[in-house]
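Residues in the sequence shown are numbered consecutively from 632, following the working numbering.
Everything below concerns the one structure shown next.
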Amino acid sequence: MLSEHVNEEIRAQAARKKIKPSKLATLTKIPRSTLWRKIYKEESQLGVDQLEMVAEALGAKAWMLLKQAEENRKETAA
């Protein structure tokens, strides 16, 4: 699923920028428990608005995260 690759890309970008889940929660104003459940445990998916807030906190655009996730998905499928 694309959402799994989006979460993977978010985790990778956060790690590169040394942004821990608690800091991401502060930057996005999304509760840490919600981010953890959606991005790290993948129990549910981020909504579009949440994706936009996370992308902004990472210094990216939501479409960039989606594009990279789609490229990663294609590479994995090949």
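Using N, Cα and C, we set each Cβ at its ideal position, and we do this for glycine too.
Computed from a predicted model, the values in this text were never measured in an experiment.
Rounded separation between residue i and residue j - CA only
i, j, result
"residue 651", "residue 645", "7 Å"
"residue 705", "residue 639", "14 Å"
"residue 670", "residue 676", "8 Å"
"residue 657", "residue 708", "35 Å"
"residue 696", "residue 678", "14 Å"
Residue i versus the options, residue with shortest Cα-Cα distance
i, options, result
"residue 655", "687, 679 and 673", "687"
"residue 653", "666, 647, 641 and 643", "666"
"residue 680", "692, 649 and 632", "692"
"residue 660", "690, 695 and 685", "685"
Spatial neighbours of residue i in its chain, beta-carbon cut-off 7 Å, leaving aside the 5 residues before and after
i, result
"residue 662", "656"
"residue 683", "693"
Cβ neighbours of residue i in the same chain (closer than 8 Å, five flanking residues each side left out)
i, result
"residue 700", "633, 636, 637, 639 and 640"
Chain C within 8 Å of residue i, Cβ atoms only
i, result
"residue 676", "This model lacks chain C altogether; it includes just one protein chain."
Own chain partners of residue i with C-beta closer than 6 Å, once the 5 adjacent residues on each side are dropped
i, result
"residue 689", "644"
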